[in-house]
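Per the working numbering, residue 196 is the first one in the sequence shown, and the count goes up by one each step. Backbone N, C-alpha and C define an ideal beta-carbon position, used for all residues, glycine too.
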Amino acid sequence: MKLVYFGDVVGKSGRVALQKHLPRVIEHLNPDFIIVNGENAAHGFGITEKICKQFFDMGVDVVTTGNHVWDQREIINFIGDEPRLLRPLNYPELTPGNGSGVFESRNGERVLVAQVMGRLFMDSLDDPFVAIDRVLEKSKLRSHFDCAVIDIHAEATSEKMAFGHYLDGKVSMVVGTHSHIPTADAQILNKGTGYQTDLGMCGDYDSVIGMKSNIAIDKFMKKMPSERLSPADGEGTICGIYLETNNQTSMASKIDPIRLGGRLKNYMPDNK
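So, in structure tokens, the structure goes:
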């Protein structure tokens, strides 16, 4: 199976970049499944029903979110009716929406996608390790799905890395989101799980994690109420990961970063 996953889409710059470059990714890599983190897609804060449907129209199969999932209040009703839009699994039980799902890929295989949110320097939620264990206890790789991708939306690098090693050999890939900066550690762990600490963002990198730098600098220097953060509007780069899995084991056989457009050095994996 071949799968691509793109990091947090930030504002219009990120949406435009994804719409521009995703067709090239599809043509070159021919992925069986596409995931996008959309939690900053609506002017940097949350996602709307309209934007979510635009992602699906581009060919995206599942949209994940994170701590900004509820920023646009309209999403509260939509997320309960749209299983392809996920929120972190470790929100309290009565929270609308789902934190995981099994979806059919273009080649007919079953893909488990689940997302948890970290707890270091983040909102206090249920234990993400326990939450993912509950999902994996009910459904087993190879028996109930052919590929399993887990997103840990977290601030701390250490928490993401611990989570990746905890799930090594149990799932096909663990990736981090939230920091908006792509890490240079895409790898296959010892027991076969693909891993990257953070996918980065789809947005304008001439910024402070996707936001206009002058506003962010003002907030750091003055430490007082100031203009609300607003997404940078220059040309965006899409950043994500390309995964290939072994058909017999469902473990990662290849993992490579994707960077297209904008000011970062571009990289497209080979399709051999």
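Cα-Cα separation between residue i and residue j, rounded to whole angstroms
i: K414; j: V403; result: 12 angstroms
i: D225; j: S300; result: Note that residue 225 corresponds to Asn in the displayed sequence, not to Asp. About 12 angstroms.
i: A427; j: S208; result: 7 angstroms
i: Q391; j: R337; result: 23 angstroms
i: C342; j: E430; result: 33 angstroms
i: L458; j: K333; result: A small correction: the amino acid at residue 458 is Arg; Leu does not occupy that position in the sequence shown. Between R458 and K333, the C-alpha separation is close to 44 angstroms.
i: A265; j: L281; result: Note on identity: in this sequence residue 265 is Trp, with Ala being the wrong assignment. Distance between the alpha carbons of W265 and L281: 12 angstroms.
i: A381; j: Q443; result: 22 angstroms
i: F228; j: F240; result: 26 angstroms
i: R314; j: Y286; result: 11 angstroms
i: N262; j: E234; result: 8 angstroms
i: S445; j: I410; result: 45 angstroms
i: L331; j: K418; result: 44 angstroms
i: V258; j: I274; result: 11 angstroms
i: G456; j: V199; result: 17 angstroms
i: V306; j: M416; result: 46 angstroms
i: M196; j: I230; result: 14 angstroms
i: V308; j: H223; result: 23 angstroms
Exposure label - residue i; buried when at least 16 CB within 10 Å
i: H339; result: exposed
i: Q310; result: buried
i: P420; result: exposed
i: M368; result: buried
i: L289; result: exposed
i: G303; result: exposed
i: E439; result: buried
i: S374; result: buried
i: D346; result: buried
i: I270; result: buried
Any non-hydrogen atom of the ligand NAP closer than 8 angstroms to residue i Cβ
i: A343; result: As far as ligands go, the structure on display features none, and thus does not contain the ligand NAP.
For residue i: DSSP bridge partner residues
i: K197; result: E439
i: I450; result: L438
i: T432; result: G398
i: E422; result: According to DSSP, which records beta bridges pairwise, E422 is partnered with nothing at all.
i: V297; result: L307
i: D465; result: Paired residue(s): none; D465 is not in a bridge.
i: V205; result: N235
Residue i versus the options, residue with shortest Cα-Cα distance
i: G254; options: G371, E354, P452, F201; result: F201
i: D393; options: D451, S425, G456, D276; result: D451
i: K434; options: T243, L217, E244; result: The question names Lys, yet the displayed sequence has Cys at residue 434. Considering only alpha carbons, the answer is L217.
i: V366; options: A349, K355, T388; result: T388
i: A349; options: L362, A326, V370, K335; result: V370
i: E277; options: K248, D399, R268; result: K248
Any chance you could list the alpha helix (DSSP H) runs of at least 4 consecutive residues sitting entirely within the segment 359-419, in chain order? 408-417
Continuous beta strand (DSSP E) assignments of at least 3 residues falling wholly in the segment 220-291: 228-232, 257-259
Report the start-end ranges of each alpha helix (DSSP H) in the segment 308-369 that is 4 residues or longer and not cut off at the edges. 323-333, 352-361
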